[in-house]
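The next block holds one structure in the form of structure tokens; read it before the comments.
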Amino acid sequence: MTTEQIANSLVELCRKGDFDTAQKELFSDDAVSIESHATPAFEKETRGLQAIKEKGEKWNSMVQEMHGITISDPLVGFNSFACTMRMNVTMKDGGNMDMTELCVYGVKDGKIVSEQFFM
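Note that the numbering used here numbers the sequence shown so that position 40 is 28, with each residue one more than the last.
Listed below in structure tokens is the structure:
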């Protein structure tokens, strides 16, 4: 797959909320995920697809209700692409979060090898 095909596929799957398939089909087993900053809930850097999946499961366990998700069309470069993701959720601790992140992905050998999020 080309970088553009990967970008379009990721955006399409994420718009459907199908993050599991996106990771399974598009991510390298040794992918790296970098958060904008370390939080009590998450490390700044997560290495390996299995650990990235576990991070997603942890996030899901903290969410009470997803009110909406909006993902922009991707901006595609040679070996990278970016999109924005806006999520509105109610957390189990009762707080509401309406946040937008810039998501930047690196691609190598037809797979996503890195993701980095900026608030």
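C-beta atoms are modelled at their ideal positions from N, C-alpha and C, and glycine is treated no differently.
Predicted, not measured: the structure shown is a model, and the values here were computed from it.
- The three-state reading of DSSP puts GLY44 in helix, counting H, G and I together.
- Per DSSP, reduced to three states, the secondary structure at ASN67 is coil, with no helix or strand assignment.
- The criterion of a C-beta distance shorter than 9 Å is satisfied by ALA(-5) and PRO62.
- PHE15 sits in a strand when the DSSP states are folded into three classes.
- SER24 sits in coil when the DSSP states are folded into three classes, being neither helix nor strand.
- In summary, PHE66 is exposed, with fewer than 16 beta-carbon neighbours lying within 10 Å of its beta-carbon over all protein chains present.
- In terms of Cα proximity to GLN38, the closest of ALA19, HIS55, ALA29 and TRP47 is ALA19.
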